[in-house]
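Colleague: Residue numbers (my numbering): 8 to 436. Note that the Cβ used here is the ideal one computed from N, Cα and C, for glycine as well.
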RNA sequence: UCCUCGAUAGCUCAACGGUAGAGCAACCGGCUGUUAACCGGUAGGUUGUAGGUUCGAAUCCUACUCGAGGAGCCA
């Protein structure tokens with residue numbers, strides 16, 4: 008008997024197959040029982056009539072929610088069944104009867120669910136989110152690999168802050184202070200000088216006590232870096248990547264997006280190129296909308312939402328004031344008061360999903376910036392070396408995976424876009 | 001760190017100074033096409049903790065604990 012995943016059952020209509028999974032729900036009306044079985048790929052309805060299968064009917068009455076079972080039987084198309092396919096089981100093997108399951112099909116609060124995240128991920132919406140996350144990650148790799156980018160993983164344990172600004176998680180490295188990485192970027196620059204076009208993809212850590220729906224203590228970031236890419240090349244690469252991710256998700260996840268009630272039209276109508284707005288233009292836009300904003304300040308979350316609300320596609324905001332950006336950003340040669348950096352703001356108020364730009368490639372200016380920002384010169388000696396031995400113009404960016412998935416799925420909170428979120432004040436499970 | 005809100009049955013909530021209640025889940029029974037099925041019944045509580053006000057507190061006051069949303073910071 009062939010073991011088939013529920014999502015592939017439509018290719019087996021009329022055949023007898025085996026499905027392995029868990030009982031998601033059971034509905035009985037005395038002489039007929041409907042089982043809803045899940046296997047991680049989808050939901051399958053099974054129907055058993057008492058008159059036709061008395062022993063099986065009795066067996067099934069004792070199967071509880073989330074019990075693990077292996078069922079065999081013929082599947083056929085059935086419009087009344089969720090998922091479109093239905094099985095009439097010939098045999099059901101019980102692997103394990105589940106104890107009284109805490110997560111019911113009714114509504115639950117966030118605290119209750121977060122405390123049971125290990126079980127919450129079994130529910131349809133959470134599974135759909137995680138499947139889409141997997142596709143987003145795969146699309147990132149596929150896209151960059153096709154563009155001849157080499158995967159060069161950056162370290163997680165680092166000796167010093169990359170940007171010197173944010174609060175980091177400190178750890179004891181055999182008596183020496185070390186920190187969990189908040190960005191692989193500086194290492195990426197070194198790797199790009201070795202391999203040309205590279206990316207890293209892994210978790211990053213921020214110890215700030217951020218407590219919003221857009222923040223996690225541990226989140227995943229795709230960071231790409233390319234030698235000889237200028238600012239414009241960089242933005243073009245980013246928008247093509249995002250476009251590729253959108254198309255991959257639309258193509259592979261029609262069912263999941265439906266489970267999530269996502270308005271897919273909003274994703275379908277996004278086209279290239281993405282709109283571009285300079286920081287100065289963005290400030291003007293905010294003022295037009297009646298918001299108080301002074302040139303030279305950084306945008307807050309409500310400002311970002313106000314800007315992105317003007318566009319259907321993600322929008323680049325570029326050329327920020329040099330003073331509010333990181334030390335490694337390259338000033339615009341035609342206006343040194345601003346840098347060749349850009350943030351990509353997702354539509355519908357999901358905020359910044361990419362930050363990137365052209366890097367400072369001039370040795371003396373970089374050394375000056377390191378001093379200005381009061382960064383320890385010794386710790387950055389290797390980084391300035393990159394400008395000493397064959398420096399080239401180069402650019403890169405970092406894409407926040409959870410925010411991207413939240414936007415694509417139309418989910419309120421990023422904590423649902425990662426299997427086991429690390430949020431402020433919650434380290435369990 | 002700051003601001004706002006919340007904590008009552010396993011879950012989601014009601015009771016707003018006068019005997020703690022409903023729906024769901026659990027358990028028992030009924031129902032031949034259910035869609036979070038439905039119908040009847042049973043059981044389920046030191047109202048987050050500690051103090052105070054009151055004849056009387058889930059309800060009012062104070063502190064604390066835990067959590068949520070937001071700000072700042074960021075992806």
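Nearest CA to the CA of residue 86: which residue from 435, 80 and 17?
Modeller: Walking along the first chain from the start, residue 86 turns up at place 79. The option with the nearest alpha carbon to residue 86 is 17.
Colleague: Strictly by DSSP, which residues pair up with residue 95?
Modeller: The sequence position of residue 95 within the first chain is 88, counting from 1. Residue 95 pairs with 81.
Colleague: Would you call residue 150 buried or exposed, if buried means 16 or more other Cβ atoms sit within 10 Å of its Cβ?
Modeller: As a first step, residue 150 must be located in the first chain, where it is residue number 143. Residue 150 comes out buried.
Colleague: Relative to the C-alpha of residue 366, which residue among 312, 231 and 20 is closest?
Modeller: As a working mapping, residue 366 is identified with position 359 in the first chain. Of the candidates 312, 231 and 20, the one whose C-alpha sits nearest the C-alpha of residue 366 is 231.
Colleague: Along the chain, where does the beta strand (DSSP E) that runs through residue 45 open and close?
Modeller: Sequence index remark: in the first chain, residue 45 carries index 38 (1-based). Segment 39-45, the beta strand (DSSP E) holding residue 45.
Colleague: Report all residues from its chain with a CB closer than 7 Å to the CB of residue 349; omit the five preceding and five following residues, and keep chain order.
Modeller: Reading the first chain from its first residue, position 342 is the one you call residue 349. Same-chain partners within the cutoff: 242, 323, 324, 325, 363 and 364.
Colleague: Rounded to the nearest angstrom, what separates residue 344 and residue 287 at their Cα positions?
Modeller: Counted from its first residue, the first chain places residue 344 at position 337. Counted from its first residue, the first chain places residue 287 at position 280. Near 11 Å, if we compare the C-alpha coordinates of residue 287 and residue 344.
Colleague: Of all the alpha helix (DSSP H) runs that stay within the bounds of the region 263-321, which reach a length of 4 or more residues?
Modeller: 272-275, 286-295 and 308-315
Colleague: Could you tell me how far apart the beta carbons of residue 307 and residue 221 are, in whole angstroms, since I believe they sit closer than 8 Å?
Modeller: In the first chain, counting from the first residue as 1, residue 307 sits at position 300. In the first chain, counting from the first residue as 1, residue 221 sits at position 214. The pair is not a contact, with the Cβ atoms about 12 Å apart (cut-off 8 Å).
Colleague: Check this for me: beta carbons of residue 188 and residue 163, under 8 Å apart or not?
Modeller: To locate residue 188, count along the first chain from 1; it is residue 181. To locate residue 163, count along the first chain from 1; it is residue 156. Yes, the Cβ-Cβ distance between residue 188 and residue 163 is below 8 Å.
Colleague: Just verifying my parser: in three-state terms, what is the DSSP assignment at residue 61?
Modeller: Counted from its first residue, the first chain places residue 61 at position 54. It is helical.
Colleague: Pick out the complete beta strand (DSSP E) segments inside the region 160-200, 3 residues or longer, and give them in chain order.
Modeller: Every beta strand (DSSP E) stretch that sits fully inside the region 160-200 and reaches 3 residues is listed by chain position as 177-180 and 183-187.
Colleague: Is residue 41 closer than 8 Å to residue 24 when the C-beta atoms are compared?
Modeller: Translated into positions along the first chain, residue 24 becomes position 17. Translated into positions along the first chain, residue 41 becomes position 34. No; because the gap between Cβ atoms is not below 8 Å, this pair is not in contact.
Colleague: When burial is assigned at 16 or more other CB atoms within 10 Å of the CB, is residue 268 buried or exposed?
Modeller: Along the first chain, read from residue 1 onward, the residue named residue 268 stands at position 261. Per the 10 Å Cβ criterion, exposed.
Colleague: Under DSSP, the alpha helix (DSSP H) around residue 507 begins and ends at which residues?
Modeller: In the structure as shown, the chain starts at 8 and stops at 436, and residue 507 therefore has no counterpart that could be examined.
Colleague: Residue 313 and residue 298 look like a contact to me (Cβ under 8 Å); what is the Cβ gap, rounded to whole Å?
Modeller: One-based indexing of the first chain puts residue 313 at position 306. One-based indexing of the first chain puts residue 298 at position 291. Going by Cβ atoms, the distance from residue 313 to residue 298 rounds to 6 Å, so yes, they are a contact pair.
Colleague: Ends of the beta strand (DSSP E) at residue 350?
Modeller: By one-based count along the first chain, residue 350 stands at place 343. That run of the beta strand (DSSP E) goes 348-353.
Colleague: For residue 263 and residue 133, what's the separation of their Cα atoms in angstroms?
Modeller: Numbered from its first residue, the first chain carries residue 263 at position 256. Numbered from its first residue, the first chain carries residue 133 at position 126. Rounded to the nearest angstrom, the two C-alpha atoms are 10 Å apart.
Colleague: In three-state terms, what does DSSP make of residue 379?
Modeller: Locating residue 379 in the first chain gives position 372, where the first residue counts as 1. If DSSP states are grouped into helix, strand and coil, residue 379 belongs with the helices.
Colleague: For residue 82, tell me which candidate among 102, 90 and 94 has the shortest Cα-Cα distance.
Modeller: Your numbering for residue 82 matches position 75 in the first chain. Minimum Cα distance to residue 82 is reached at 94.
Colleague: Are the beta-carbon atoms of residue 108 and residue 65 separated by less than 8 Å?
Modeller: Looking up residue 108 in the first chain gives position 101. Looking up residue 65 in the first chain gives position 58. It is not a contact, given that the beta carbons lie outside the stated cut-off.
Colleague: When the Cα atoms are used, what is the spatial distance from residue 395 to residue 338?
Modeller: Counting from 1 along the first chain, the entry for residue 395 is found at position 388. Counting from 1 along the first chain, the entry for residue 338 is found at position 331. If I take the Cα positions, the gap works out to 19 Å.
Colleague: Quick check on this structure: which residue in 14, 214 and 373 has the alpha carbon closest to the alpha carbon of residue 388?
Modeller: Here the question's residue 388 lines up with position 381 in the first chain. Ranking 14, 214 and 373 by CA distance to the CA of residue 388 puts 373 first.
Colleague: Counting along the chain, where does the beta strand (DSSP E) carrying residue 52 start and finish?
Modeller: The residue labelled residue 52 in the question sits at position 45 within the first chain. Run containing residue 52: 50-56, per the beta strand (DSSP E) assignment.
Colleague: Across the region 117-125 and the region 405-415, are there enough close Cβ pairs to call them in contact, namely three or more that are closer than 8 Å?
Modeller: no
Colleague: Taking the alpha-carbon positions, what's the residue 381 to residue 153 distance?
Modeller: Counting from one through the first chain, the residue named residue 381 turns up at place 374. Counting from one through the first chain, the residue named residue 153 turns up at place 146. Cα-Cα distance, rounded: 40 Å.
Colleague: According to the neighbour-count rule (16 or more other Cβ atoms, all chains shown, within 10 Å of its Cβ), is residue 146 buried or exposed?
Modeller: Taking the first residue of the first chain as 1, we reach residue 146 at position 139. Under this definition residue 146 is a buried residue.
Colleague: CB residue 99 to CB residue 143, shorter than 8 Å?
Modeller: Here the question's residue 99 lines up with position 92 in the first chain. Here the question's residue 143 lines up with position 136 in the first chain. It is not a contact, given that the beta carbons lie outside the stated cut-off.
Colleague: Return the CA-CA distance between residue 197 and residue 352, expressed in angstroms with no decimal places.
Modeller: Locating residue 197 in the first chain gives position 190, where the first residue counts as 1. Locating residue 352 in the first chain gives position 345, where the first residue counts as 1. Their backbone Cα atoms lie some 28 Å apart in a straight line.
Colleague: Per DSSP, residue 208 is paired with what?
Modeller: Start at 1 with the first residue of the first chain, and residue 208 comes out as number 201. Answer by DSSP bridge pairing, in chain order: 229.
Colleague: So what does DSSP say about residue 325, is it helix, strand or coil?
Modeller: The sequence position of residue 325 within the first chain is 318, counting from 1. Reduced to three states, the DSSP call for residue 325 is strand.
Colleague: Report yes if the C-beta distance between residue 201 and residue 401 is below 8 Å; otherwise report no.
Modeller: The count along the first chain starts at 1 and reaches residue 201 at position 194. The count along the first chain starts at 1 and reaches residue 401 at position 394. Contact: no.
Colleague: Given a cut-off of 8 Å on the beta-carbon distance, is the pair residue 12 and residue 217 in contact?
Modeller: Numbered from its first residue, the first chain carries residue 12 at position 5. Numbered from its first residue, the first chain carries residue 217 at position 210. Cβ atoms of residue 12 and residue 217: not closer than 8 Å.
Colleague: Report the three-state DSSP secondary structure of residue 213 (helix, strand or coil).
Modeller: Against the first chain, residue 213 aligns to sequence position 206. Looking at residue 213 - three-state DSSP - the assignment turns out to be coil, as it is neither helix nor strand.
Colleague: Out of 415, 305, 289 and 207, which one is the CA nearest neighbour of residue 276?
Modeller: Here the question's residue 276 lines up with position 269 in the first chain. Considering only alpha carbons, the answer is 415.
Colleague: Using the Cα positions of residue 128 and residue 333, report the straight-line distance between them to the nearest angstrom.
Modeller: Working through the first chain from its first residue, we reach residue 128 at position 121. Working through the first chain from its first residue, we reach residue 333 at position 326. Using only the alpha carbons, I get a separation of about 37 Å.
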